[in-house]
Amino acid sequence: MPQDDAQIGQEIHDFARELFPICRSLTGDGVRETLQIFRRHLPGIDIQEVPSGTKAFDWTVPPEWNIRDAYLLGPDGRKVVDFQRNNLHVVIYSEPVDREMSLAELMPHLHSLPDQPGAIPYVTSYYNRRWGFCLSHRERQALKEGTYRAVIDSTLEPGALTYADLLIPGESSNEVLISSNICHPSLANDDLSGPVVATFLARWVNALPKRKLSYRFVWIPETIGSIVYLSRHLESLRKNVIAGFTVTCVGDDRTYSLVPSRAGNTLADRVARHVLKHTDPAFKHYTFLDRGSDERQYCSPGIDLPVVSVMRSKGGNFPEYHTSLDDLSFITPGGLQGGYMALRRCLEILEGDARYTAKVLCEPQMGKRGLYTTLGTVDVGEAVKTRMNILTYCDGRHSALEIAEILGKPAWTLAPYFAELVEHELIAVAP
Ligand code: ZN
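Under our numbering, residues 8 to 438 are what the sequence shown spells out, in order.
Rendered as structure tokens:
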């Protein structure tokens with residue numbers, strides 16, 4: 008996985024294509040297989056198994072679910088629904104069954120979407136024992152009277168919940184948390200785009216020549232996974248996390264959106280708003296009341312971590328959501344690249360977000376330092392003005408992000424100016 012920026016969207020999409028067919032759930036071998044593939048790209052990943060029945064705050068780790076096959080034989084003996092064609096065809100966490108029944112008896116076990124007659128819905132039943140099949144409404148309406156045989160070859164037994172994390176240390180113990188979910192079967196934007204983008208972000212962090220901050224990447228099943236993770240790491244997360252991001256729905260190319268933290272004005276909120284404002288001025292700014300993913304747990308009272316969700320189209324707010332239409336054609340290389348870059352820029356800003364002090368009293372004489380030249384493609388006048396504007400706010404009180412906000416420019420375009428001014432000893436990081 009080389010990380011050429013122009014190619015990265017395609018590489019992330021290729022990676023998603025490799026993982027898409029695996030039947031993931033809250034627990035089970037699909038999650039293990041997925042995390043083993045992540046470990047091929049990130050050898051330091053630590054994979055943990057938490058036994059079924061383990062208590063985590065108010066919750067209990069459920070039995071482990073595994074599935075080998077599932078199908079519905081029609082009256083003529085042909086498979087009318089087949090898990091091997093699409094793993095959405097079975098209700099996730101279905102208990103095993105092998106039974107013959109009439110169409111009327113079968114109906115309560117079938118799920119379809121009359122408003123989206125071509126789509127297979129994604130249905131789960133983690134905490135109530137049942138079984139069922141999901142199919143397009145068109146397929147359902149074509150079912151004929153007669154005797155059907157429902158076969159689900161699954162196991163629902165004591166086992167474990169599997170998750171992974173990776174701590175990439177920096178000079179400081181201050182941490183950035185990047186959390187994504189690995190619990191959906193063949194669904195691309197929600198949630199596969201999240202863990203694959205997070206994996207590429209981890210590779211980028213790993214490749215930095217030096218790091219000021221530490222980075223904690225977490226790949227967990229949604230809800231129960233974050234609750235288990237918090238129950239095991241709460242003290243250190245509270246002590247060290249300065250900003251966090253849940254990474255989900257980052258692969259389509261319709262829009263950008265943000266769910267803020269419950270507090271609403273943490274460092275993570277300010278960084279995310281800054282990046283999205285300069286990436287897509289029309290980005291959708293939700294409130295915490297619209298929360299949907301693990302920011303629910305990370306921001307709950309008493310946990311109070313500074314965690315936001317930076318997304319493209321938010322889960323629940325696109326028609327393909329939780330249906331077979333959220334597939335590899337719904338996420339695009341361009342969409343994934345945009346989601347990846349938005350998050351990478353958040354990390355870049357956090358990494359470079361120091362307060363600087365000017366080292367020369369009054370306005371420095373820029374000409375004798377050669378600082379009337381252009382920087383990159385910016386014209387001379389604009390570059391000189393930007394340098395002077397940065398300098399004038401290097402008073403030890405304004406952070407680089409705050410200066411970018413005052414100047415109304417993306418922080419990532421100012422980073423080279425800060426580096427240049429440090430190099431010329433005109434500014435230094437404030438003590
Ligand atoms: Zn979902």
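For every residue, glycine included, the Cβ atom is placed at its ideal position computed from N, Cα and C.
task: Would you identify the three-state DSSP class for Thr-154, choosing helix, strand or coil?
output: In the structure shown, Thr-154 sits in a strand (DSSP, three-state: E or B).
- request: Take Val-282 and list the residues in its own chain whose beta-carbon comes closer than 6 Å to its own, dropping the five residues that flank it on each side.
  value: For Val-282, same chain residues with a beta-carbon under 6 Å away, outside a window of 5 residues either side, are Ala-349, Arg-352 and Cys-353 in chain order.
message: I want to check one thing, is the minimum distance from the CB of Gly-322 to the heavy atoms of ligand 1 below 7 Å?
response: Under cutoff, so the answer is yes.
query: So, do the region 312 to 331 and the region 248 to 260 have three or more beta carbon pairs nearer to each other than 8 Å?
result: The count of Cβ pairs closer than 8 Å, one atom from the region 312 to 331 and one from the region 248 to 260, reaches three, so the stretches are in contact.
query: Which whole-angstrom value describes the C-beta separation of Ile-99 and Ser-32, a residue pair presumed to lie in contact below a C-beta threshold of 8 Å?
result: Yes, they are in contact, since the Cβ atoms of Ile-99 and Ser-32 sit about 5 Å apart, within 8 Å.
- prompt: If you measure from the CB of His-191, is any heavy atom of ligand 1 nearer than 7 Å?
  reply: Yes, the Cβ of His-191 comes within 7 Å of a heavy atom of ligand 1.
Neighbour-count burial assignment, Glu-182, 16 or more Cβ in a 10 Å radius: The residue is buried, with at least 16 neighbouring Cβ atoms inside 10 Å.
query: Who are the Cβ neighbours of Cys-141 in its own chain at under 6 Å, not counting the five residues just before and after it?
result: The residues are Leu-95, His-96, His-118, Ile-127, Pro-128 and Val-130.
- request: With hydrogens ignored, establish whether the beta-carbon of Ala-259 is closer than 7 Å to any heavy atom of ligand 1.
  value: Per the sequence shown, residue 259 should be read as Asp rather than Ala. Because no heavy atom of ligand 1 lies under 7 Å away, the Cβ of Asp-259 does not count as near it: no.
task: Report the residue from Leu-220, Glu-178 and Gly-232 whose alpha carbon sits nearest the alpha carbon of Ala-171.
output: Closest option to Ala-171, Cα to Cα, is Gly-232.
- prompt: For Asp-36, which three-state DSSP category applies?
  reply: It is helical.
Contact test: His-329 Cβ vs ligand 1 heavy atom, cutoff 7 Å: At least one heavy atom of ligand 1 is nearer than 7 Å to the Cβ of His-329, so yes.
message: I need the straight-line Cα distance from Phe-207 to His-48, nearest angstrom please.
response: Near 9 Å, if we compare the C-alpha coordinates of His-48 and Phe-207.
message: The beta strand (DSSP E) that contains Glu-71, what's its start and end?
response: It spans 71 to 80 - the beta strand (DSSP E) in which Glu-71 sits, taken as one unbroken run.
message: For a quick check, are the C-beta atoms of Arg-106 and Asp-160 less than 8 Å apart?
response: Between Arg-106 and Asp-160, the CB-CB gap reaches or exceeds 8 Å.
task: Could you tell me if the beta carbon of Asp-198 falls within a distance shorter than 7 Å of some heavy atom in ligand 1?
output: Result yes, Cβ under 7 Å from ligand 1.
field: Endpoints, the alpha helix (DSSP H) within which His-405 is located
entry: Not the alpha helix (DSSP H): His-405 falls in the beta strand (DSSP E), residues 402 to 406.
field: Selected residue, minimal CA-CA separation from Asp-65, among Pro-371, Gln-344, Gly-377 and Val-235
entry: Answer by Cα proximity: Val-235.
query: Hey, quick one: how far does the beta strand (DSSP E) through Val-97 stretch, first residue to last?
result: First-last for Val-97: undefined, no H or E at that position.
query: In the DSSP assignment, what are the bridge partners of Tyr-222?
result: In the DSSP output, where bridge partners are listed per residue, Tyr-222 has Ile-175 and Val-183.
message: Check for me: the beta strand (DSSP E) holding Val-57 runs from which residue to which?
response: For Val-57, the uninterrupted beta strand (DSSP E) segment begins and ends at 53 to 58.
task: Less than 8 Å between the CB atoms is what I'm expecting for Arg-394 and Leu-357, so what's the real figure, rounded?
output: Arg-394 to Leu-357, Cβ: 23 Å. No contact.
task: Please confirm whether Leu-343 and Ile-52 have their CB atoms less than 8 Å apart.
output: In this structure, Ile-52 does not lie closer than 8 Å to Leu-343 by Cβ.
- prompt: On the premise that Ala-195 lies in contact with Ala-23, defined as a C-beta separation below 8 Å, what is that separation, rounded to the nearest angstrom?
  reply: Yes, Ala-23 and Ala-195 are in contact; Cβ-Cβ is about 6 Å, under 8 Å.
- prompt: By Cβ distance below 6 Å, which residues in the same chain neighbour Val-203 in space, the five residues on each side in sequence not counted?
  reply: Correct list, in chain order: Ile-19, Phe-22 and Ala-23.
Segment contact, 8 Å Cβ cut-off, at least three pairs: the region 265 to 278 with the region 324 to 341: Flag = no, the region 265 to 278 and the region 324 to 341 do not touch.
query: Considering only the beta carbon of each residue, do Lys-151 and Cys-256 sit closer than 8 Å?
result: Cys-256 sits away from Lys-151, with the two beta carbons spaced by 8 Å or more.
query: Quick one: is Gly-242 buried, meaning 16 or more other Cβ sit within 10 Å of its Cβ, or exposed?
result: Per the sequence shown, the amino acid found at residue 242 is Glu instead of Gly. So Glu-242 ends up on the exposed side.
task: Specify, as a first and last residue, the run of the alpha helix (DSSP H) that Arg-239 falls within.
output: DSSP places Arg-239 inside the alpha helix (DSSP H), whose first and last residues are 231 to 247.
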